[in-house]
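Report on the following structure.
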Amino acid sequence: MVSVDAQTETEMPTVTVDGTEIEVPDGATVLQACELAGKEIPRFCYHERLSIAGNCRMCLVEVKPGPPKPQASCALPATHGQEIRTDSEMVKKAREGVMEFLLINHPLDCPICDQGGECDLQDQSVAYGRGGSRYHENKRAVTEKYMGPLIKTIMTRCIHCTRCVRFSEEVAGVDEIGALYRGEDMQITTYLEHATKHELSANVIDLCPVGALTSRPYAYEARPWELKKTLGIDVSDAMGSNIRIDVRGREVLRVLPRNNDDVNEEWLSDKARWQVDGLTRRRLDRVWIRRDGKLQPAAWDQAFGMIASAAKGGSVAAMAGDLLDCETMFAARRLVNAAGSQLLESRQTGMSYPAGNLAAVNFNSTFAGIETADAVLIVGSHVRWEAPLLNVRLRKAAKRGAKIFIVGPHWEPTYRAEFLGEDASVLHDLPDHVAAAMQGAARPAIIVGAGGLVAGAHGPALALAHAWNVVRDADGVRWNGFNVLHMAAARMGALMLGFARPRGLAELVQAAPAVLLSLGADEMDYAPFAGSLKVYIGHHGDKGATAADIILPASAYTEKAGTYVSTEGRVQFADKAAFAPGDAREDWTILRALADALGVSIGFDSFDQLRTAMVAEVPALGAEGLIDFGPLPAAESAERAGGPIAYPVKDFYLTNPIARASATMQRCSAELLHGEELAEAAE
Amino acid sequence: MAERAPHPDTPELRARWGSFAWTGSNAEKVREIIGRYPEGRQRSAVMPLLDLAQRQVGEETQTQGWLPIPVMEYVAAQLDMPIIRVLEVATFYMMYNIAPVGRYHVQVCGTTPCMLRRSDDIMDACKARGMKKGHTTPDGMWTLSEVECMGNCASAPMVQINDANYEDLTPARLDAVLDALALGESPKEGTQDPARHTVEPVGEPTNLAAMMHANHDYRSEWSTEPA
Ligand code: SF4
Ligand code: FES
Ligand code: FES
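Given below as structure tokens:
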């Protein structure tokens, strides 16, 4: 693979593109040189993040010196003194020729193809094709292939660019797509047409330059020009993947990844992409009050009245759910504080790691940085399921030679890794070769996952971090190798906003609050709060709503603007893409109204005022980008990790209330994880 | 060719081939083959191993041999390589049979030189004996395929039957070969033209005749003028 490394000291070659001289980085290809010169080069098989295949021939240009024929620019290194032409008659003819050949066996069924309007083949044939075919024979046809519940295949449209094959082999690390047969008979398929079984499978839909691989859940839903596109942040894990939310009317029809090299590159997990069909199901769209053990429809002021009278009899506590934006949590904090309480928590499962110093609970290496680690110790994290895109980064590190060790039950990494045992106590007694590898590494990293936090591994991991000196200067750049990998999109924001009691959930239970505000908390156990008035402010009829005494319908992440802080401490803003259904309101307005009902003031009347107040209190939330949490705290040496590690995620596809309501995610879970035979029922 | 497809993965297939393992002598060969490649590059052995597996299946079934899905999986596991990559190799090369074949796999070359030397007649002769392209005869003896150039153009037309090539064929000569095979004999391989030893010219040579018996320098006879 050719990589453009800006730091190389070697002299940069100078080439001429269409008469303009430019310098290009050493190791660049002719295609990259043309792009630097501002020339568009059509291509199908070439992709910046995949290896070079050079098999579509669409990128032909004229290059001197060289053979007197067009050359595939994507696979040709740029060398000093080259004269490149992208505008000559030869190039024009070559493109027309390639285009005509590609279309010979393409069905040209654009009117019934979901790729229409966003199809490279369509666009490039308009721009570079000759406008008509001279082919009158029979076209080839390819039998249908099955690739699972997310990918719809029409393989007759395939142009054999092999992007999908390269993605699954190189990026996902799960070799399951291949090119069988050869020449005219070549066919792209999965092994024996099994469904693709990894968390990133749907990315091939974006990669496929034609309509061969399209999205199954979105099939025949809309044309791209009908959609309103909003920039958002994904909440299905704590990576903060950048997404684009495509909406028609009130309904979110699909979610696509946005390019962000620091975060999700240009990939997205299948859950982030397809949980959105859960946004229209099991929604809470009116106020409910439990009377005689049964939830019954009610009016807002009835609910507020009940809460106000209950609040008079004791304290108010708030539990923040996993999908929340910072604004909602800040509003809740103001409200709870104004009601005279400090009972704020976000760690629904009862974790109580110290959250006083945020550097100790942050993913300090950053996602882009972890790629350069050369020894990684993962403590209690099923990375593939907890942060699939981080797993992609770890795979890159492993490919570069990083040694990776995992403490915890076995899972299937997509790279070479050594499992050291299931019990967290192994941290106190690491095998010699592991300790030696970590000590000898130039950029050592430790990643503590949720399973590790529960098993008390946080303190011991921090002690190891100090022992191995994981914060250091590596090649003149600061390297911080201590990382905590959270799973909740809201977690870092919650910790910054003080939603963490020293003893965690237990403290809330002990305080026995009169009112428990549950802000979309659907993973916790409500049984200990039998004496509290449980007010669920959220969007889905899930665990929290079932346990609640009062339900106030709120907005999902696509239905409100908000600030999110990812597990690497990156502040990102999301816009509102759609309106919440029925009576549901944006969360902050509910809390604002509740403040009035409780007769307290929380100091803002508009979203802008809220944001200003929030940034005044927590300035780091005001600017997009990475937060510097400062140096690591000292380790509490007394703490010992012990007991078998258990991963919290039991089912990758059903980790949050939106995903659990999603028919697509349910089907993925049933078919891909529980092996149910749904293949037949699909068509 | 498009009809070429891996034999379906059925429970019966799994029952028959699921426990495939190298025979003692083949296991020895496998070790030797894998040893040819540098450490970490064992996957390069996939082609010879598939060939060996096909031969072993052939011995067990008294046919030319083929590659059932479980056998390919066995090879993939041994080389620690994804099965889809093995299937890619096996489907790419025509020499790997991905569906069962008969005792003799008659592969008639139909490429231009053979065609000009009447390979159509050879094909017809095969068909006259009850063979059908892409099929095995009911008695399990013959599978007929048409293949591309086998590199024997100088003695066209030709057929390849399992590991042997039979060249300079006429329908009658082909019949003789096939009759002999049917009787369990091993007919002479190579050219079937009694006047020929190998691919030397039939009759007197017509090119470079002066070099027949001694070295001869033609250079002085070359004209420097374009003709
Ligand atoms: S299916 Fe799409 S991505 Fe895959 S080879 Fe065909 S055209 Fe390329
Ligand atoms: S983009 Fe260069 S050959 Fe496909
Ligand atoms: S054409 Fe038949 S062997 Fe070459």
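First to last, the sequence lines map onto chains Z and X. Quick note on numbering: the first sequence equals residues 0 to 682 in numbering that gives the first Met the number 0. Quick note on numbering: the second sequence equals residues 0 to 226 in numbering that gives the first Met the number 0. Idealized CB from N, CA, C, for every residue including glycine.
For MET46(X), the first and last residue of its enclosing alpha helix (DSSP H) = 45-60
Along chain C, in chain order, which residues have C-beta atoms closer than 7 Å to that of ARG181(Z)?
-> Included in the structure are the protein chains Z and X, with no chain C among them.
Quick one: residues in its chain with C-beta nearer than 6 Å to the C-beta of MET495(Z), no 5 flanking neighbours on either side, listed in chain order?
-> VAL617
Check the Cβ-Cβ distances between GLY177(Z) and every residue of chain X, and say whether any is below 8 Å.
-> yes
Can you grab the Cα-Cα spacing for the pair GLU250(Z) / CYS160(Z), in whole Å?
-> 34 Å
Three or more beta-carbon pairs under 8 Å between the stretch 94-102 of chain X and the stretch 190-202 of chain Z, yes or no?
-> no
Out of curiosity, what's the CA-to-CA distance linking THR365(Z) and MET491(Z)?
-> 14 Å
Segment limits, alpha helix (DSSP H) that includes GLY492(Z) | 490-495
Work out the CA separation of ILE244(Z) and VAL275(Z) for me, nearest whole Å.
-> 9 Å
When the Cα atoms are used, what is the spatial distance from ALA680(Z) to GLY674(Z)?
-> Confidence at ALA680(Z) is low in this model, with a pLDDT of 43, below 50, so its placement is unreliable and no value can be given for it.
Can at least three beta-carbon pairs, one atom from the stretch 134-144 of chain Z and one from the stretch 102-109 of chain Z, be found at a separation below 8 Å?
-> yes
Flag PHE43(Z) as yes when its Cβ comes closer than 7 Å to any non-hydrogen atom of ligand 2, and as no otherwise.
-> yes
Boundaries of the beta strand (DSSP E) in which VAL97(Z) is found, first to last residue | No beta strand (DSSP E) holds VAL97(Z); the alpha helix (DSSP H) holding it covers 88-103.
Would DSSP call VAL16(Z) helix, strand or coil?
-> strand
Can you tell me which of the three DSSP states PRO5(X) falls into?
-> coil
Rounded to a whole number of angstroms, what is the C-alpha to C-alpha distance between PHE628(Z) and ALA546(Z)?
-> 37 Å
Sorry if obvious, but does the Cβ on CYS125(X) come closer than 7 Å to a heavy atom of ligand 1?
-> no
Please name the residue, chosen from ASP472(Z), ALA596(Z), MET98(Z) and ARG215(Z), that lies closest to ALA662(Z) on a Cα-to-Cα basis.
-> ARG215(Z)
Ligand 1 heavy atoms versus the CB of ARG162(Z): any closer than 7 Å?
-> yes
Taking Cβ positions only, does LEU86(X) come closer than 8 Å to chain Z?
-> yes
Should ALA544(Z) be labelled buried (16 or more other beta-carbon atoms within 10 Å of its own) or exposed?
-> buried
For THR28(Z), count neighbouring Cβ atoms within 10 angstroms of its own Cβ and tell me buried if that reaches 16, exposed if not.
-> buried
Which residues bound the alpha helix (DSSP H) around PRO34(Z)?
-> What sits at residue 34(Z) in the sequence shown is Glu, not Pro. Run containing GLU34(Z): 29-35, per the alpha helix (DSSP H) assignment.
Measuring from the CB of PRO228(X), is there a heavy atom of ligand 3 at a distance below 7 Å?
-> Because chain X is modelled from 0 through 226, residue 228(X) falls outside the range shown and cannot be assessed.
Cβ of ALA212(Z) versus every heavy atom of ligand 1: is any distance shorter than 7 Å?
-> Per the sequence shown, residue 212(Z) should be read as Leu rather than Ala. Checking the Cβ of LEU212(Z) against ligand 1 gives yes.
What residues in the stretch 185-213 of chain Z have a beta carbon less than 8 Å from any beta carbon of chain X?
-> THR189, TYR190 and LEU191
How long is the line joining the alpha carbons of GLN6(Z) and ARG156(Z), rounded to whole angstroms?
-> Any reading at GLN6(Z) must be qualified, since the residue scores a pLDDT of 44, below 50, and its modelled position is unreliable; the value itself is stated next. Distance between the alpha carbons of GLN6(Z) and ARG156(Z) is about 41 Å.
Give the straight-line distance between the Cα atoms of ALA678(Z) and ILE153(Z), rounded to the nearest whole angstrom.
-> With a pLDDT of only 48 at ALA678(Z), under the threshold of 50, the placement of this residue in the model should not be trusted; the figure read from the coordinates follows. Between ALA678(Z) and ILE153(Z), the C-alpha separation is close to 16 Å.
Go ahead and label ALA372(Z) buried or exposed: buried means 16 or more other beta carbons lie within 10 angstroms of its beta carbon, across all protein chains shown.
-> buried
Got a sec: does ligand 2 put a non-hydrogen atom nearer than 7 Å to the Cβ of GLY65(Z)?
-> no
Beta-carbon neighbours of ASP8(X), restricted to chain Z and to distances below 8 Å = LEU191
Bridge partners - MET318(Z), DSSP secondary structure assignment = GLU344(Z) and SER517(Z)
Rounded straight-line distance, which links the Cα of VAL254(Z) to that of ALA401(Z) | 33 Å
Below 8 Å on the Cβ atoms is my guess for ALA319(Z) versus PHE498(Z); work out the distance and round it to an integer in Å.
-> 5 Å
Nearest-angstrom beta carbon gap, LEU463(Z) and ILE445(Z) [assumed within contact, 8 Å] = 6 Å
Under the DSSP definition of a beta bridge, which residues are partnered with ASP404(Z)?
-> It is Phe, not Asp, that sits at residue 404(Z) in the sequence shown. DSSP lists LEU376(Z) and GLU417(Z) as partners of PHE404(Z).
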